[in-house]
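In this text, residue positions in the sequence shown follow my numbering: the first is 73, and each later residue adds one. Ideal Cβ placement from N, Cα and C applies to all residues, glycine included.
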Amino acid sequence: MPYRAPLSDFSFLLEHVVEYGQLSRTERFGDATSDTTQAILSEAARLCEDVLAPLQRVGDLHPARLENGTVRCPPGFAEAHRAIAEGGWIGIAADPAHGGMGLPQTLANAVGDMMSSACLALQLNPLLSLGQVEALEHHASDEIKALYLPKLISGEWTGTMNLTEPQAGSDVGALRSKAEPQGDGSYAITGQKIYISWGDHDFGGNVCHLVLARLPDGAPGTKGISLFMVPKFLPDADGNPGARNSLRVVSLEHKMGLHGSPTAVMEYDGATGWLVGAPHKGMAAMFTMMNNARVGVGIQGIGVAEGAYQHALAYAQDRKQGRTPVSGTGAIIEHADVRRMLAVMKAEIFAIRAIALANSVAIDMAAATDEEDWAARAALLTPITKAHGTDIGCEVADTGIQIHGGMGFVEETGAAQYLRDVRVTTIYEGTNGIQAMDLVARKMMDGGEAAFRLLQEVEDTAEAARGPLPEMAEDVWQAAESLREVTEWLVAQDLDDRFAGATAYLRAFARVLGAHYHLKAALAGDRGRAALAHVFVTRILPENAGLLAQVRAGAEGLYAVTDDDLAA
């Protein structure tokens, strides 16, 4: 079925739920007016519907491949990337000094949501370039900025991030890649990296790799890691791609999904690179890229959920089977259980999209005002957006297969592709377990203060809703209060007990926030939004109680299960 961008949802959320309007009242984002925002979203919708969405199946059926050392991308991908670049979509939130629009990250993330729905395999390419742009803006020398930023922002060149190595996995500090000074300000980079999304392509231009490696005097672990810019082609005196650098694609991964996106094993053999940021401070520089990339990956999950939902809805409206007590067309959407699945899918997408956009607004407000409370909120919401956004992407895509019945298990319908494509998002940019541990550890170093401030807003909204929506208001207030009590308990525990319940805690927090944003939507007076809120509060929020019980269980019971007990 053709994809249709959910513009009404974005408009409603920005105007009535996440308080996007406050951004245009800041000096930094004064141009982010309602008219500008709507115009950009409408243009992005046309790009996604007309250019990207037709490539969704093409990328799956005609995967990227490695031929004689050259990566060949699916037909149409190069032209679509050119459309993205020429439309200025990569630089929405980038610094105008280097060719960007300087608009809020919130708006860029809404566009990323639509692109992810239309064709996730291709959207991953500009997402990586955007992350690299941010890292360079914050940490690179003026010379590197002047050379690379305009070309990355324009889409003439593309960017990657190289962290993972075969022996290290998520333990980045165990990397073995080396960087040797060459005496002219450059370094010779040697090592192998795996899982490098869009590590190469045949779009033309240059591929710019940000690579983590260790200098000769670098300490063991993450504290001794530095970050380097290592381009595929060495820029000549005019800044154009020149001689080929000493790097190559060893192979492309054979993946469960995202077949249109080349995921490379990269080998650097004395490749020339330049230091980005201070020596031994590579992780700090890379995390600048990774934090917003984590929000972006969560949004990828949301976008795929939207695509899977639309696909399932169209099938349910068309497929006729069985009898129902409801008089209508005879389509399976009239069956109560199918309608339940669709309603839950829609409610889940609305909730997590609201969380992601609220997270994005907090990021923008922190940048525009330098207020610590906004920065703390952005940090708190980031692991929730990443983990819950990708979890919901998987769950909604899985439900979409169920709605298709046996046809969902048949590849020709396209339903299974959404699940195959989105599954990796729970793994990359830090697995969802790592996100949950980050939430209960680093994000609680303030004793839970940022969490408590947010929960107070949830309870205030519930209090305001007691008149018009008394039952839903009470349910949301009670859930928030229960989460507050568990948060108070959590911050008093040692890390092992926190980690044992971290995943359940993150999901519980997402459930409460989802209910909060649904309640705000219902208060806006829209009948359809209120009906959807009722679905979330009565059918999804009750999960909160069981999750909080898991949080309180601690770690002891887990370690009571011995290695022998776990043996097959």
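Quiz item: Three-state secondary structure (DSSP) at M301?
Solution: What you label residue 301 is simply residue 229 of the sequence shown in a count that begins at 1. M301 falls in the strand class under three-state DSSP.
- Any idea if M631 is buried or exposed, counting beta-carbon neighbours within 10 angstroms, 16 or more meaning buried? As a working note, residue 631 is residue 559 in the sequence shown. Before going further, note that residue 631 is Tyr rather than Met in the sequence given. Classification for Y631: exposed.
### Euclidean distance between Cα positions of T471 and A576
Here the question's residue 471 lines up with position 399 in the sequence shown. Here the question's residue 576 lines up with position 504 in the sequence shown. Approximately 21 Å between the Cα atoms of the pair.
In terms of residues, what are the limits of the beta strand (DSSP E) holding N234? To locate residue 234, count along the sequence shown from 1; it is residue 162. N234 -> beta strand (DSSP E) spans 230–234.
For a test of the three-state rule: what should DSSP assign to G345, helix, strand or coil?
In the sequence shown, the residue the question calls residue 345 occupies position 273. DSSP places G345 in strand when its eight states are reduced to three.
What do you get for N312, buried or exposed, if any count of 16 or more other CB atoms within 10 angstroms of its CB means buried? Counting from one through the sequence shown, the residue named residue 312 turns up at place 240. Exposed, since its Cβ has fewer than 16 Cβ neighbours within 10 Å.
Measure the Cβ-Cβ separation of V337 and S323 and say whether it is below 8 Å. The residue labelled residue 337 in the question sits at position 265 within the sequence shown. The residue labelled residue 323 in the question sits at position 251 within the sequence shown. Against a cut-off of 8 Å, the Cβ pair of S323 and V337 comes out as a contact.
* Selected residue, minimal CA-CA separation from W270, among D390, K223, G332, E484 -> For the purposes of this step, residue 270 is taken as the residue at position 198 of the sequence shown. Minimum Cα distance to W270 is reached at G332.
Taking just the CA atoms, how far does R395 sit from L199? Counted from its first residue, the sequence shown places residue 199 at position 127. Counted from its first residue, the sequence shown places residue 395 at position 323. Going by the C-alpha atoms only, they are around 46 Å apart.
TODO: Within the same chain, show all residues whose beta-carbon is closer than 8 Å to that of H88, passing over the 5 residues directly before and after it, in chain order.
DONE: The residue you call residue 88 lines up with position 16 of the sequence shown. The beta carbon of H88 sits closer than 8 Å to those of K592, A593, A596, all from its chain and outside the five residues before and after it, given in chain order.
Checklist entry - When the distance is taken between beta carbons, is G293 closer than 8 Å to I225? => result Locating residue 225 in the sequence shown gives position 153, where the first residue counts as 1. Locating residue 293 in the sequence shown gives position 221, where the first residue counts as 1. No.
### Task
Measure the C-alpha to C-alpha separation of G629 and T232 and round it to an integer number of angstroms.
Taking the sequence shown and counting its residues from 1, the one referred to as residue 629 is at position 557. Taking the sequence shown and counting its residues from 1, the one referred to as residue 232 is at position 160. Spanning the two alpha carbons is a distance of roughly 42 Å.
Given this structure, state the Cα-to-Cα distance separating R97 from G345, to the nearest angstrom.
Reading the sequence shown from its first residue, position 25 is the one you call residue 97. Reading the sequence shown from its first residue, position 273 is the one you call residue 345. Going by the C-alpha atoms only, they are around 42 Å apart.
*asked:* Quick check on T610: buried or exposed, where buried means 16 or more other Cβ atoms within 10 Å of its Cβ?
replied: As a first step, residue 610 is located in the sequence shown; it is residue number 538 there, counting from the start. Flag for T610 reads exposed.
Q.
Just to confirm the assignment, what range does the alpha helix (DSSP H) spanning A246 have?
A. Residue 246 sits at position 174 when you count from the first residue of the sequence shown. Careful: A246 lies outside any alpha helix (DSSP H) and carries neither H nor E.
inquiry  = My assumption, with CB atoms under 8 Å, is that L282 sits in contact with A182. Please give the rounded CB distance.
reply    = On the sequence shown, residue 282 is found 210 positions in, with the first residue counted as 1. On the sequence shown, residue 182 is found 110 positions in, with the first residue counted as 1. That belief does not hold up - the Cβ atoms of L282 and A182 are roughly 26 Å apart, past 8 Å.
- prompt: Can you round the beta-carbon distance between V623 and A580 to whole angstroms, since I take them to be within the 8 Å contact cut?
  reply: Indexing the sequence shown from 1 puts residue 623 at position 551. Indexing the sequence shown from 1 puts residue 580 at position 508. Right, the Cβ-Cβ distance comes to about 7 Å (below 8 Å), so this counts as a contact.
Using the C-alpha atoms, what's the distance from G373 back to R366? As a first step, residue 366 is located in the sequence shown; it is residue number 294 there, counting from the start. As a first step, residue 373 is located in the sequence shown; it is residue number 301 there, counting from the start. Computed Cα separation, rounded: 11 Å.
Problem - Beta-bridge pairing of I421 - partner residues as DSSP gives them - result: Position 349 of the sequence shown holds residue 421. I421 is not bridged to any residue.
inquiry  = Taking the straight line between their C-alpha atoms, what separation do you get for L414 and A572?
reply    = By one-based count along the sequence shown, residue 414 stands at place 342. By one-based count along the sequence shown, residue 572 stands at place 500. Going from the Cα of L414 to the Cα of A572 covers about 32 Å.
task = Would you list the one or two residues that DSSP bridges to Q110?
result = As a first step, residue 110 must be located in the sequence shown, where it is residue number 38. DSSP lists no partner for Q110.
For G626, the nearest candidate out of R570, A587, A582, A603 (CA to CA) | Within the sequence shown, residue 626 is the residue found at index 554, counting from 1. Comparing Cα positions, the closest option is R570.
### Task
Determine which residues share a DSSP beta bridge with I225 and list them.
Taking the first residue of the sequence shown as position 1, residue 225 is located at position 153. I225 pairs with nothing; no bridge assigned.
Practice prompt. Please go through the stretch 441–516 and give each complete alpha helix (DSSP H) segment of 4 or more residues, from N-terminal end onward.
Written response: 444–476, 487–494, 504–512
- Environment of A77 [buried if 16+ CB atoms lie within 10 Å]: Here residue 77 is taken as the residue at index 5 of the sequence shown, counted from 1. Its Cβ being crowded by 16 or more others within 10 Å, A77 is buried.
Practice prompt. Select from Y92, E339, D532 the residue whose C-alpha is nearest the C-alpha of Q264.
Written response: Translated into positions along the sequence shown, residue 264 becomes position 192. It is E339.
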